[in-house]
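Everything below concerns the one structure shown next.
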Amino acid sequence: MTNRLALENTYARDLEGLSVPWKGAEVPAPGLVRFNKLLAEELGLADAGLESEAGAAILCGAAVPEDTTPLAMAYAGHQFGQFSPQLGDGRALLIGEIIDRKGKRRDLHLKGSGRTPFSRSGDGKAALGPVLREYLIGEAMHALGIPTTRALAAVTTGETIYRDRLVPGAVLTRVAASHIRVGTFQFFAARGEAEKVQRLMDYTIARHYPDLTGMPDRAIRLLERVCERQARLIAQWMLVGFVHGVMNTDNMAISGETIDYGPCAFLDTYDPAMMFSSIDHGGRYAYGRQPAIAQWNLARFAETLIDLINPDDSDAAIEGASAVITDFGGRYRDAWLTGMRAKLGLKQAHDADADLAEALLGLMPAKRVDFTQLFRALGEAAAGNPEPARALFSEPDAFDKWLARWQTRLAQEPVAPTERRDAMNAVNPVYIPRNHHVEAALEAAIAGDLAPFDRLLAVLQAPFTVQDGAETYALPAPADYGPYRTFCGT
Ligand code: AMP
Ligand code: MG
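Be aware that the sequence shown starts at 969, since it is given in the numbering used here, and climbs by one per residue.
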């Protein structure tokens, strides 16, 4: 085991006032649960000896590699619409940055490594269930082609911690393009520290949008870029039925990656009002509200940049920023419609396509049709067999009408039917992390049996490919399952 991981600390070096040097808690018995070898390879860490006892101590924060100073990050954020000027890593540490094999700087971050100066009343710990949940769902999102933080390792600490019951304590090693959040900008902006917001902006630009470096109008351009990336991200979520669950501004990354998997879940039946979080009483973060919430969060981001957009004329700055935020709607629609066309086997853009897609979605809630199964079945329908899709509707009359309309539209773009099906199958997954399978895998893991977790993870790593013996993973939960609730007790 080498005790050097070639880590850097530009975040602490370049951004005074945004972090405190910190160390993870001592724990009785660090034990590696799972290690992501492919990701380790991508990071150049395959031979760093992390899969060892000494490695497990590093991956739970109790031991520190020689060449780094871990830190807890400060940030603010709107949680369920209420502003908190100081949140910060209450149970997490940035152990350092690593340059991956493609030359990209990535954060190595621990979640569950003990109390920090930002812990408030929390215990600083994470439980094994939620740690494995973030591992599983993050890796599934990645396999679906959706920008996301990744999971490098899950480690148990040997402690028992109290949640709704006594559970094993654990730490997730998370890899992210960065941990700069909307809430990071809000932290300085709320204190009126304009010069520090500027430094953070320039750091962010250097790291994520380097072509904007030094431009006089870089503040508004940064806002545009972040809006563009978020528009594409949220569209991707919507197109696979992902519900994040806690879209607070501290859980929105400036890099455009999905971050902070807590009470997230995937839709079975399509329903815009669907939400799963036990703490979201008003349905603020329901599936169908995600684009509007992203836009709201981006408006909070824009507010932090006003002085930088135009230091001499705040009315002009607000006008410019408001126009960008308004444009988010169109950007999102474009990204969504492009994705929806691909899901429906269309390459050309016709005016009526949005209406066609919405007509299909409109049929689904009342009929309780499974979102993922239906789109996958449409591939078969495009190849000449509409029966699997029809079979998802108990009374297929309305669907038959839609089918005829869609087939007329397909005829306007002649393609070999099997070629069209293959293109559709490349974007319409067979397997998503179905809630009942996720829960079963986590329950077994907590009881010491990781086989169901490994099996589910393996299936989810090739979500577009039909796999022998994996039929049950493609099916929705039995009718008597639910209503499904996820808990924030993470
Ligand atoms: P989250 O909803 O997981 O994004 O967390 C919101 C805030 O609460 C962040 O500042 C976390 O660091 C903090 N937090 C969550 N759980 C704990 C915990 N068990 N101990 C200390 N802080 C926590
Ligand atoms: Mg968070």
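Backbone N, C-alpha and C define an ideal beta-carbon position, used for all residues, glycine too.
{"Item": "Considering Cα atoms alone, identify which of Thr1440, Phe1048 and Gly1058 is closest to Ala1040.", "Value": "Gly1058"}
{"Item": "Let's see if you can read the secondary structure: which residues bound the alpha helix (DSSP H) around Leu1266?", "Value": "Gln1258 to Ile1277"}
{"Item": "Would Ala1285 count as contacting chain D if we go by Cβ distances under 8 Å?", "Value": "Among the chains of the structure shown, chain D does not appear; only one protein chain is present."}
{"Item": "Could you name the residues that DSSP lists as bridge partners for Ala1221?", "Value": "Arg1149"}
{"Item": "Note down, one range per segment and in chain order, each alpha helix (DSSP H) of at least 4 residues found wholly within the segment 1124-1200.", "Value": "1150-1158 and 1162-1176"}
{"Item": "Report all residues from its chain with a CB closer than 8 Å to the CB of Gly1457; omit the five preceding and five following residues, and keep chain order.", "Value": "Unreliable positioning characterises Gly1457 in this predicted model, as indicated by a pLDDT of 48, which lies under 50. The coordinate reading is nonetheless provided below. Cβ within range, chain order: Ala1095, Pro1098, Arg1131 and Asp1132."}
{"Item": "For Thr1226, name the three-state secondary structure that DSSP assigns.", "Value": "strand"}
{"Item": "With a cut-off of 8 Å on the beta carbons, I'd call Phe1003 and Ala1121 a contact; round off their distance for me.", "Value": "5 Å"}
{"Item": "Applying the 10 Å Cβ sphere with the 16-neighbour rule, what's the burial state of Lys1093?", "Value": "buried"}
{"Item": "Looking only at its own chain, which residues have a Cβ that is under 7 Å from the Cβ of Arg1299, when we skip the five neighbours before and after it?", "Value": "Cys1195, Glu1196 and Ala1199"}
{"Item": "Kindly identify the DSSP beta-bridge partner or partners of Ile1066.", "Value": "Arg1074"}
{"Item": "Please report the distance separating the alpha-carbon of Leu1418 from that of Ala1409.", "Value": "7 Å"}
{"Item": "At a threshold of 7 Å, does Asn1219 count as lining ligand 2 (C-beta to nearest heavy atom)?", "Value": "yes"}
{"Item": "Indicate the three-state DSSP secondary structure (helix, strand or coil) for His1249 in the structure shown.", "Value": "coil"}
{"Item": "What separation, rounded to the nearest whole angstrom, lies between the Cα atoms of Met1215 and Glu1163?", "Value": "28 Å"}
{"Item": "Going by the C-beta, is Asp1248 closer than 7 Å to any heavy atom of ligand 1?", "Value": "no"}
{"Item": "Could you check what DSSP says for Ala1284 in three-state terms: helix, strand or coil?", "Value": "helix"}
{"Item": "Should the segment 1248-1256 be called in touch with the segment 1210-1228, which here means at least 3 C-beta pairs below 8 Å?", "Value": "yes"}
{"Item": "So for Met1343, helix, strand or coil by DSSP?", "Value": "The question names Met, yet the displayed sequence has Phe at residue 1343. Looking at Phe1343 - three-state DSSP - the assignment turns out to be helix."}
{"Item": "Return the chain-ordered list of same chain residues with a C-beta closer than 8 Å to the C-beta of Phe1234, the five sequence neighbours on each side being excluded.", "Value": "Val1208, Gly1209, Phe1210, Val1211, Thr1340, Ile1400, Pro1401, Arg1402 and Asn1403"}
{"Item": "In terms of DSSP beta bridges, what is Glu976 paired with?", "Value": "Glu1065"}
{"Item": "Is there contact here, the segment 1052-1067 with the segment 1026-1044, by at least three beta-carbon pairs under 8 Å?", "Value": "yes"}
{"Item": "Can you tell me which of the three DSSP states Gly1457 falls into?", "Value": "Because the pLDDT of Gly1457 is 48, which lies under 50, any placement of that residue in the model is unreliable, and the number read from its coordinates should be weighed accordingly. Of the three classes helix, strand and coil, the one that applies to Gly1457 here is coil, per DSSP."}
{"Item": "From this set, Gly999, Val1398, Leu1076 and Thr1376, which residue's C-alpha is nearest Glu1019's C-alpha?", "Value": "Gly999"}
{"Item": "Below 7 Å, is the gap between the Cβ of Asp1075 and the nearest heavy atom of ligand 2?", "Value": "no"}
{"Item": "Val1165 to Ala1174, Cα distance in whole Å?", "Value": "14 Å"}
{"Item": "Is the beta carbon of Asp1495 within less than 7 Å of some heavy atom of ligand 2?", "Value": "The shown model of the chain, from 969 to 1458, leaves out residue 1495, and the question about it has no answer."}
{"Item": "Where does the unbroken alpha helix (DSSP H) through Gln1375 begin, and where does it stop?", "Value": "Asp1365 to Ala1379"}
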